[in-house]
Amino acid sequence: MSREEEILSIVSQKKKIEVNELSELLEVSKVTIRKDLDKLESRGLLHRQHGYALLNNTDDINFRLAQNYDLKRRIALEASKIVNDGDVIMIESGSTCTLLAEELAFNRNDITIITNSCFIASYIRKAESAKVILIGGEYQKDSQVNVGPLVKKVISEFFVDKLFVGIDGFDKKRGFTGSDITRCDTTRTLATAANHTIVLTDSSKFTQNGVVSEFGFDEVNKVFTDAGISAENQAFLINHHIKVITV
Numbered sequence: 001m002s003r004e005e006e007i008l009s010i011v012s013q014k015k016k017i018e019v020n021e022l023s024e025l026l027e028v029s030k031v032t033i034r035k036d037l038d039k040l041e042s043r044g045l046l047h048r049q050h051g052y053a054l055l056n057n058t059d060d061i062n063f064r065l066a067q068n069y070d071l072k073r074r075i076a077l078e079a080s081k082i083v084n085d086g087d088v089i090m091i092e093s094g095s096t097c098t099l100l101a102e103e104l105a106f107n108r109n110d111i112t113i114i115t116n117s118c119f120i121a122s123y124i125r126k127a128e129s130a131k132v133i134l135i136g137g138e139y140q141k142d143s144q145v146n147v148g149p150l151v152k153k154v155i156s157e158f159f160v161d162k163l164f165v166g167i168d169g170f171d172k173k174r175g176f177t178g179s180d181i182t183r184c185d186t187t188r189t190l191a192t193a194a195n196h197t198i199v200l201t202d203s204s205k206f207t208q209n210g211v212v213s214e215f216g217f218d219e220v221n222k223v224f225t226d227a228g229i230s231a232e233n234q235a236f237l238i239n240h241h242i243k244v245i246t247v
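When the letters of the sequence shown are read in order and numbered with full-length UniProt numbering, they come out as residues 1 to 247.
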């Protein structure tokens, strides 16, 4: 775990912590800690306030990005291995998907990312070698994604090999689930423009049950998650011909 990831972990646990305390905990100078905090704040992962580091508002998508950051980062890095230089891919939204987009945008050459996530488009805007195509639609303020019928009109112009998506829950009867009906409908629309639909999620989502059905088990090809997924759920997915990759 890098020092920046350690800082995120500590701030996530304590919610608010003094720069001096962080310096002591990590055994580095306050100047070094301030530089780390500047980098993290510039990426929207936390806030600085009068000598303190603190979490974002819980309604902010950046808050979700900072939660279990190290774990989500490792899942994203593993998923990035199936994407090559020059590929054109589609990424829907979610915190782990954002970290995947970041890895690809800054560490692949001539990558093209098609997304309906304004947050992802902004998050990787400084990547010089990445081309970003932002799909328009009705803007959802909390999730910072574009949804609705306009997405359906535009998506027919595209076709890619891989679509990466996040989920909010899992149900053995209903499949992979979400929390917003319009967003789930939009994600399903994106899937019509891809050969393979790939789920990126931390294992906690397999203990949650979203409100809206998003994908049936026959509509997902791979799941990238962490080793916290239960053996029972992993076997269930494998029995439904879904490849499970854990970190």
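Where a beta carbon is used, it is the ideal one built from N, C-alpha and C, also for glycine.
Local conformation of F170 per DSSP, three classes = strand
Identify which residue in L26, Y69, E24, S23 has its Cα closest to the Cα of R43.
-> Y69
Where K153 and A227 are concerned, what is the direct C-alpha to C-alpha distance, given to the nearest angstrom?
-> 39 Å
Answer with buried or exposed for F224, where buried requires no fewer than 16 other C-beta atoms within 10 angstroms of its C-beta.
-> buried
Starting from F236, follow the alpha helix (DSSP H) in both directions and report where the run begins and ends.
-> 231-239
Quick one: any contact between the stretch 79-90 and the stretch 150-167, if contact means 3 or more CB pairs under 8 Å?
-> yes
Which residue comes first and which comes last in the beta strand (DSSP E) that contains S213?
-> 212-215
Taking the Cβ atom as the reference point for each residue, do R34 and V19 lie within a distance shorter than 8 Å?
-> yes
Which partner residues does E138 have in the DSSP bridge list?
-> V147
Apart from the five residues on each side of it in sequence, which residues of its chain come closer than 8 Å, Cβ to Cβ, to A194?
-> M90, F159, V160, D161, K162, L163
Coarse secondary structure for R48, derived from DSSP in three states | strand
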